[in-house]
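Working notes, beginning with the structure itself.
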Amino acid sequence: MAKYTAIVLAAGKGSRMGSTVHKQYLMLAGRPVIYYALKAFADSPVDEIVLVTGEGEEEFCRKEVVERYGLQKITHITAGGRERYHSVYCGLQCCENSDYVLIHDGARPCVSREIISRSMEMVTKTGACIAAVPVKDTIKTADEDGVVQATPDRSRLWSVQTPQTFAYPLIRSAYDRMLAEGAEEITDDAMAVERYSKVQVHILEGSYRNLKITTPEDLQMAELLMQNHKEEYRPV
Ligand code: CTP
Ligand code: MG
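Read in our numbering, the sequence shown has 450 at position 112, and its numbers run on one by one without any break.
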């Protein structure tokens, strides 16, 4: 049986949120934001969960999140790094015996169990798949002075989410190469595979509900979603 590990990222500083408490620990419908992604993976068919926290926050997370809410399947709690990709790499080192990894932003509490299951299925056929939704707005590129340069064809634009799911050897070797060369502008995991392998990354239909908590209004949106979809998100 193939082994699936979820890497849940919670080592960011949440600078765009502007709160004193890091956004992953802010309360959302009565629980810390990070609880929900961990719970979704614990309730899914994944075998193990690696939680990547800020340096020095490991014990706090173990006591105040994992033990406090009785979250299962968490086999490692490890410190992340300066950039998101550093944190992912820390997580990858904790699951070297896995066949597949699902890399997820802990700041996406509204991920559904269904997206997780579909990612697990699709990765066995593709080796690399990412949740995404079609963009709703027209997107433009502009220069540094704010002058519009181009309007890409909207029908081909996707707003990328997590989980991003890969065969372990594929993502590991892409990350090894990327870090050896100096990563800089890498903002998601698929970019490493796009640049450092020949494997094609497939899009899996995500959900507009699977938003990332980035600024204060996202927290309000997530609160509303949780109220309106209690069957999916209510703590059990
Ligand atoms: N993340 C991480 N390690 C980092 C940076 C980010 O584990 N060095 C995680 C965050 O905790 C979050 C996810 O990656 O769950 C997505 O990142 P983002 O939304 O950018 O979160 P932050 O970096 O915390 O926020 P900001 O960019 O506003 O500072
Ligand atoms: Mg960030």
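Beta carbons: idealized from backbone N, C-alpha and C, even for Gly. It should be emphasised that the depicted structure is a prediction, and the values quoted were computed from it without experimental measurement.
For L347 versus L557, is the C-beta distance shorter than 8 Å? no
Less than 7 Å between the CB of D443 and some heavy atom of the ligand CTP, yes or no? yes
Taking T462 as part of the alpha helix (DSSP H), name the residues at either end of that continuous run. From DSSP, the alpha helix (DSSP H) with T462 extends over R451 to T464.
Using the Cα positions of E570 and S450, report the straight-line distance between them to the nearest angstrom. Here the alpha carbon of E570 sits roughly 7 Å from the alpha carbon of S450.
I need the boundaries of the alpha helix (DSSP H) containing P507, first residue and last residue. Y506 to E519
Please name the residue, chosen from I415, Q410 and E523, that lies closest to E397 on a Cα-to-Cα basis. I415
Using a Cβ-based criterion (distance less than 7 Å to any ligand heavy atom), does G350 qualify as near the ligand MG? yes
Element boundaries [alpha helix (DSSP H), containing I412]: Here I412 belongs to no alpha helix (DSSP H); instead the beta strand (DSSP E) covers I412 to A417.
One or two residues paired with M365 in a DSSP bridge: Its beta-bridge partners are P370.
What's the call for H442, buried or exposed, on a 16-neighbour Cβ count within 10 Å? buried
Just how far apart, CA to CA, sit L409 and E523? 34 Å
I need the DSSP call for D556, collapsed to helix, strand or coil. Looking at D556 - three-state DSSP - the assignment turns out to be helix.
Rounded to a whole number of angstroms, what is the C-alpha to C-alpha distance between K550 and Y427? 21 Å
What residue does the alpha helix (DSSP H) around A349 start on, and which one ends it? No alpha helix (DSSP H) contains A349, which DSSP labels as neither H nor E.
Using the three-state DSSP reduction, which class does Q487 fall into: helix, strand or coil? The answer is strand: DSSP assigns Q487 an E or B state.
Would you say the beta carbon of R422 is closer than 7 Å to some non-hydrogen atom of the ligand MG? yes
Please list, in chain order, all residues of the same chain as G575 whose beta carbon is under 7 Å from its beta carbon, the five residues on each side excluded. Limits of the chain in this structure are 339 at one end and 574 at the other, which puts residue 575 out of reach.
Mind checking whether S425 and Y506 have CB atoms under 8 Å apart? no
Extent of the continuous alpha helix (DSSP H) to which E534 belongs: The sequence given here places Tyr at residue 534; Glu does not occur at that position. Residues D527 to Y534.
Nearest to K341 (by Cα), restricted to the options G356, P490 and I387: I387
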